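Going by UniProt numbering, the residue at position 70 of the sequence shown is 70; the numbering climbs one at a time, nothing skipped. Heads up, the beta-carbon is just placed ideally off N, CA and C, and yes, glycines get one too. Model, not experiment: these values are computed from the prediction.
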Amino acid sequence: MNSNIKSGDNPLLTEERKKAQFNTNILAAFYHESEQKVQRRHEIYQYYCQNKDLHDPEPTEFMDRYHRLENAERKVTLLKKHLKIAVPSNDPEEVGWFFQ
1 MNSNIKSGDN PLLTEERKKA QFNTNILAAF YHESEQKVQR RHEIYQYYCQ NKDLHDPEPT
61 EFMDRYHRLE NAERKVTLLK KHLKIAVPSN DPEEVGWFFQ
């Protein structure tokens, strides 16, 4: 029923997804208003996952205040650059998905 289960996912979350007695893709399409929006959201997420420079170099919990601010500045600059590539349509909804 859930085609989004992948190896490496959180085991507790995977267990709960397997218990679902409904197609979670239908629920996602209902929640996001269409299957095309769900697909586009996945595409934007995949773009984020493939570009490791958008990720934190280390967990923010272990950064001091100075390094958190420095990391935030770095990410804002990179997000602006990658936004034009990931969301060329400049659709406000898709821009919101990119910044989540």
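So, helix, strand or coil for Val87, using DSSP?
Coil at Val87, not helix or strand.
Work out the CA separation of Asn51 and Pro92 for me, nearest whole Å.
Each residue's Cα considered, the two are about 22 Å apart.
To test your reading of the DSSP string, which unbroken alpha helix (DSSP H) runs of 4 or more residues are found completely within the UniProt domain "Acyl-coenzyme A oxidase N-terminal" (23–86)?
Complete alpha helix (DSSP H) runs here, min 4: 24–32, 35–50 and 65–86.
Near Thr14, what residues of its chain come up, given a Cβ to Cβ distance below 6 Å and the 5 sequence neighbours on each side ignored?
Once the five neighbours on either side are set aside, the close Cβ partners of Thr14 are Ile5.
Could you check what DSSP says for Lys19 in three-state terms: helix, strand or coil?
Reduced to three states, the DSSP call for Lys19 is helix.
What residue range is occupied by the uninterrupted alpha helix (DSSP H) comprising Gly8?
Neither: Gly8 is in no alpha helix (DSSP H) and is coded neither H nor E.
Comparing alpha-carbon positions, which option in His32, Ser7, Asn2 and Tyr48 lies nearest Asn23?
Residue Asn2 is the option with its Cα nearest to Asn23.
What does the alpha-carbon distance come out to for the pair Leu79 and Glu61?
The straight-line gap from Cα to Cα measures roughly 21 Å.
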